[in-house]
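Here the structure is laid out as structure tokens; the discussion comes afterwards.
Residue numbers (this note's numbering): 3 to 275.
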């Protein structure tokens, strides 16, 4: 199969329910003090991040499954600021809830989100995944975006609690999801047709983007060219932190080729920012 704008499909459906169960097992055992611990989401406690996950779940079900038309940005309000405002409003409102009520609501809606994705044709176009481009994206990419966000916040909760890391199996789709931002990241790079850019995540895989007449396309594997325009190699922990602005250590990154393109790759984000 030839490379496409979005790259090969990702199947995250087998991961949703297992990750949700692991998260609920963790949250159900927390003490009063645990819920108040600060996380790397500035100004948000463990309870706030859990409330944010609940908001993501019910928001997805409301607009996707139930056809509810949500509020849009205010006049002149940039989309990232709009998302930040909605998230903050939701989290502040949820501070009125006890942790028992919050857990009950999480239990109720976790499985429903998994069922929602499982009932859809994931090969058709759906909502944009804005960090990968502004146009409608395949639903499989939107599902992968959902899973990756839940995974990141789950990891942040565990780190705030100084808890055991989340099992490696849950991270299997993460690099393959976040790297889908690569063609969009390269959109303004002026390169001749055929030029390639590579990104390798140790133990997870290799990917490359190739310049075509209409833009960049993505595929799995190392760049076929012996002299790609640029390439970056790092480990998964560094990669996901780079892509989500979670304090990555750049000493674990190796770059080669065009320095400006490499800098662009290291600034690639796979969140709304």
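Every residue gets a Cβ at the ideal spot worked out from N, C-alpha and C, and that includes glycine.
Since we're looking at a predicted model, the values are computed, not measured.
Between residue i and chain B, is the shortest Cβ-Cβ distance under 8 Å, so that the two count as touching?
i	result
residue 154	Of the protein chains in the structure, only one exists, and it is not chain B.
Once DSSP output is grouped into helix, strand and coil, what is the label at residue i?
i	result
residue 115	helix
residue 2	Here the chain comprises residues numbered 3 to 275, so residue 2 is not present and cannot be evaluated.
residue 23	helix
residue 204	strand
residue 240	helix
residue 267	helix
residue 16	helix
residue 262	helix
residue 272	coil
residue 33	coil
Using a 10 Å radius around the Cβ and a threshold of 16 neighbouring Cβ atoms, would you call residue i buried or exposed?
i	result
residue 184	buried
residue 147	buried
residue 145	buried
residue 3	Note that residue 3 scores 47 on pLDDT, short of 50, meaning its location in the model is unreliable; the coordinates nonetheless yield the value given after this. Exposed, since its Cβ has fewer than 16 Cβ neighbours within 10 Å.
residue 251	exposed
residue 49	buried
residue 246	buried
residue 175	buried
residue 9	buried
residue 265	exposed
residue 170	exposed
Of all the options the options, which has the alpha carbon lying nearest to the alpha carbon of residue i?
i	options	result
residue 203	254, 49, 162, 79	254
residue 180	242, 207, 119, 220	242
residue 217	233, 196, 244, 207	196
residue 117	14, 235, 48, 193	14
residue 267	249, 244, 248, 273	244
residue 97	137, 46, 199, 131	46
residue 129	65, 73, 170	65
residue 82	163, 131, 199, 29	131
Identify every residue that forms a DSSP beta bridge with residue i.
i	result
residue 256	235
residue 228	DSSP output for residue 228 lists no bridge partner at all.
residue 122	Answer is none; residue 122 lacks a bridge partner.
residue 6	220
residue 39	Beta-bridge pairing links residue 39 to no other residue.
residue 211	199, 220
Practice problem: Go through the region 42–110 residue by residue and report every complete run of the alpha helix (DSSP H) that reaches 4 residues or more, in order. | Solution: 48–62, 81–96
Practice problem: Only counting runs of 3 or more residues, tell me where the beta strand (DSSP E) segments fall wholly within the region 124–199, in order along the chain. | Solution: 127–130, 138–140
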